[in-house]
Amino acid sequence: MQKSSNFTIEMPTTTCSNIIPNGGFDAPIDSSGWYHMGSGLQYVAGNLGYALSTMRRVDWSDGLGTFIDSRCLQVGLTYELVADVKLVSTGGEATTCDPRVSSGVYVCPRGSLITFNNFLVSSAIWGVATLGGPTGITGKNRGFEHGTFSFWNAMGNPSLKIVSPGAADSNGRATYYALSANNRTQWHYGPAQILDTSCFTENEQYVVEMDVRMEDDWGNVKLCNPYQMSYIRPDACPMVFLKITKGTATKISTKPIATTFGPYNASKKWRKIYNVFKATAEISNATALSFFVGAGMVNSNIVIDNVVVRKASLGDFNLTCSYLIRNGDLSVGDTRFYAIFGEGYLAIDTPGADGAGYALVHKNRTKYFHGPVQMLDNSCWNLGETWEFSVSMRIRNSTSGAWASCDKAAKFGSTWCPTPIIYSVNPEGSMNVMSSVVQSLEYNSTPWTTNGWNTFTGSFTVSNVMVTYPYIWGYIANEMAGIDLYLDNWKITKKA
Ligand SMILES: [Ca+2]
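Basically this note's numbering = 1-based index in the sequence shown + 17.
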């Protein structure tokens with residue numbers, strides 16, 4: 018017998034990319050690395066190969082466990098725990114649980130982390146609940162990749178359901194799963210998620226974005242209208258709202274932080290929600306914060322995928338007082354930030370006013386006051402200041418398709434040209450006020466060009482209502498019914 022004269026003990030190597038050993042249960046059960054709390058354990062048929070199962074569970078704490086390499090756990094990092102799970106009664110029949118409850122007979126299985134100190138349990142984190150979960154980074158389980166709605170809960174009392182297929186991911190690849198909120202008997206019923214209040218700093222800007230669609234219970238698309246800023250219209254599209262808790266008082270916001278945008282396209286099933294919002298003091302000082310997707314047509318299902326709430330970065334449409342109109346040049350080829358006063362719908366056409374890119378078109382206008390609008394941040398201006406308004410426009414007969422003309426000097430009637438307006442709205446009951454933008458001499462010095470673009474330039478003085486009213490819109494109105502209005506390069510800037 019030969020004796021070894023030396024030996025070494027090597028640290029086991031780990032990449033920490035997958036901390037759970039033998040998570041697919043390919044190793045023989047004796048060397049599986051898995052143990053049981055109470056009862057026993059066995060291999061059973063899995064989705065593919067084996068799955069691990071408990072035996073003779075008698076207590077709620079009887080379960081399955083493994084040791085994990087604690088070197089892989091770093092203070093402050095967030096870890097995701099994922100497992101496929103099913104429940105089978107001791108009689109062998111499949112049984113079910115309710116992922117929306119956190120206690121009681123119908124509670125679902127959940128993962129827990131137990132730490133030992135000298136073989137005594139020193140703490141246990143009953144973490145990673147099937148729903149609700151601990152708060153952390155914003156926009157968790159954003160693509161529903163595992164077919165679960167972990168971290169999601171509900172506003173109101175809809176039923177949550179995983180549906181297939183999902184929306185394409187950011188690389189354009191098809192995905193399997195999306196989250197649907199059904200049985201929406203009230204406008205605010207929808208999927209919700211808790212946000213980490215510590216992620217929000219006052220006056221910082223944040224992005225909310227996701228793919229969204231509306232369906233009936235059979236999965237047929239229901240077309241909503243993204244151009245009306247109303248959450249109670251029968252054709253309303255989904256919007257994202259905040260639920261803010263200040264101390265012990267909880268307020269459900271009725272002012273959306275993000276809305277669905279167009280273009281209006283019946284064949285396109287998925288639409289986008291996107292917005293950049295500023296964290297107010299109320300948001301950054303909240304004791305609890307969550308967001309929910311609601312407002313879409315009542316009794317229709319809201320389906321969401323690829324949900325992100327994140328800090329805004331360069332390349333986002335940040336709120337800036339240098340340019341009050343966002344997406345004024347339609348550079349991204351969609352109608353985000355635009356809505357409609359009156360009726361009709363918005364479309365995108367090419368080329369834009371520079372001979373390239375995109376232009377916005379307001380179609381199906383049936384009244385002279387129907388026009389595109391964009392909400393302005395009136396915290397950017399002060400009483401008495403002069404601001405400049407410019408926009409490139411052309412008009413087209415919606416029936417014949419011919420480019421049309423108008424009279425820049427006309428103030429009413431069938432020859433009116435599209436008129437820029439600042440519209441101050443006070444839903445508390447005071448009269449809404451429309452203030453015309455004064456046309457520049459330069460704009461007035463030439464007649465309307467029928468076959469080309471017309472650059473409107475003008476200015477307005479900030480009035481008292483423009484400072485004190487809660488909603489201020491940039492608005493282009495007063496074109497004849499039956500005319501499609503094209504616009505591009507819309508800007509509202511402070512006069513230098
Ligand atoms: Ca997905």
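Backbone N, C-alpha and C define an ideal beta-carbon position, used for all residues, glycine too. Please read these numbers as outputs of a predicted model, since none were measured by experiment.
Quick one: residues in its chain with C-beta nearer than 8 Å to the C-beta of residue i, no 5 flanking neighbours on either side, listed in chain order?
i	result
W433	Y385, C423, D424, A427, N495, E496 and M497
R382	G359, E360, G361, G388, S415, E496, A498, G499, I500, D501 and L502
Excluding five sequence neighbours on each side, which residues of the same chain lie with their C-beta closer than 6 Å to the C-beta of residue i?
i	result
V378	A364, D366, D501 and Y503
G149	Note that G149 has pLDDT 31, beneath the 50 cutoff, so the model's placement of it is unreliable and the number below is only indicative. Cβ within range, chain order: N170.
F354	R343, N344 and Q391
W420	R413, T467 and N468
G279	P243, T352 and L363
K285	none
S301	F217, T218 and E219
Applying the criterion that 16 or more other CB atoms from any shown protein chain within 10 Å of the CB defines a buried residue, is residue i buried or exposed?
i	result
E27	exposed
C514	The first residue shown for the chain is 18 and the last is 513, placing residue 514 beyond what the model contains.
A370	buried
C241	buried
N449	exposed
F84	exposed
W404	buried
K190	Note on identity: in this sequence residue 190 is Arg, with Lys being the wrong assignment. Burial call: exposed.
S417	exposed
A9	The structure shown does not extend to residue 9, since the chain spans only 18 to 513, so no value can be given for it.
P389	buried
I493	buried
S48	exposed
F308	buried
D514	Past the boundaries of the shown model lies residue 514; the chain is included only from 18 to 513, so the question cannot be answered.
S462	exposed
W77	exposed
Round the Cβ separation of residue i and residue j to the nearest angstrom and send it over; I've been treating them as touching at under 8 Å.
i	j	result
K260	S247	Not a contact, Cβ separation roughly 20 Å.
L81	L65	At roughly 19 Å, the Cβ-Cβ gap does not stay under 8 Å, so L81 and L65 are not in contact.
E221	K328	7 Å
P175	A198	4 Å
N306	C397	The amino acid occupying residue 306 in the given sequence is Leu; Asn does not appear at that position. About 26 Å separates the two Cβ atoms, so there is no contact after all.
P255	I290	7 Å
Y244	I357	4 Å
V315	W465	V315 to W465, Cβ: 44 Å. No contact.
G207	V326	That pair is no contact at about 15 Å.
V482	E402	The Cβ separation is near 14 Å, so there is no contact.
G50	P38	4 Å
When the Cα atoms are used, what is the spatial distance from residue i to residue j?
i	j	result
T218	E226	19 Å
V320	Y123	26 Å
C368	Y67	The sequence shown places Pro at residue 368, rather than the Cys named in the question. Spanning the two alpha carbons is a distance of roughly 58 Å.
T152	S476	Residue confidence for T152 is low, a pLDDT of 30 falling below 50, so the modelled location carries little weight and cannot support an answer.
S330	V61	49 Å
G372	R159	39 Å
K263	I211	15 Å
Y234	T165	Just to set this straight, residue 234 is Asp in the shown sequence, not Tyr. About 19 Å.
I154	T214	Note that I154 has pLDDT 39, beneath the 50 cutoff, so the model's placement of it is unreliable and the number below is only indicative. One C-alpha to the other measures close to 10 Å.
D186	N323	7 Å
G499	K380	8 Å
K295	V454	28 Å
P444	E360	20 Å
G144	V105	Any reading at G144 needs caution, since the residue's pLDDT is 42, under 50, leaving its predicted position unreliable; the model's value is listed next. Those two C-alpha atoms are separated by around 23 Å.
L393	S317	31 Å
M410	Y460	12 Å
G40	A100	8 Å
A513	V408	18 Å
F258	W507	28 Å
C114	K103	9 Å
Y281	P273	20 Å
S447	I438	19 Å
V484	Y440	12 Å
I46	A195	35 Å
I179	G430	54 Å
A184	H163	14 Å
E97	A298	31 Å
T202	T276	20 Å
N200	N335	36 Å
Got a sec? Which residues, its chain only, sit under 7 Å from residue i by beta carbon, not counting five neighbours each side?
i	result
T147	The pLDDT assigned to T147 is 34, lower than 50, so where the model puts this residue is not dependable; a value taken from the coordinates is nonetheless given after this. Contacts found: P116, C125, R127 and S167.
A347	Here residue 347 is Leu; the residue named in the question, Ala, does not match the sequence. Excluding positions up to five away in sequence, the list reads I365, G369, G374, Y375, A376, L377 and D505.
G313	M231, C241, A253, C254, P255 and I319
Against chain C, does residue i count as a neighbour if the rule is that its beta carbon must be under 9 Å from one of theirs?
i	result
I26	Here there is only one protein chain, and chain C is not present.
Original post:
Which parts of the segment 29-64 are runs of the beta strand (DSSP E), unbroken and 3 residues or longer, counting only runs that do not cross its ends?
Top reply: Listed in chain order, they are 51-54 and 57-62.
Original post:
Quick one: complete beta strand (DSSP E) runs, 3+ long, within the segment 264-338?
Top reply: Here the runs fully enclosed are 266-269, 275-278, 288-295, 305-311 and 318-328.
Original post:
What beta strand (DSSP E) runs, 3 residues minimum, are completely inside the segment 323-407?
Top reply: If one requires a minimum length of 3 residues, the beta strand (DSSP E) runs lying completely within the segment 323-407 are 356-358, 362-366, 376-380 and 388-393, in chain order.
**OP:** Write down every uninterrupted run of the beta strand (DSSP E) in the segment 202-247 whose length is 3 residues or greater and which is fully enclosed by it, in chain order.
**Re:** You should have 207-212 and 222-232.
**OP:** Just list the alpha helix (DSSP H) runs in the segment 411-484, keeping only unbroken ones of 4 residues or longer that don't cross its boundaries, in chain order.
**Re:** Fully enclosed alpha helix (DSSP H) runs of no fewer than 4 residues occupy 458-461 of the segment 411-484, in order along the chain.
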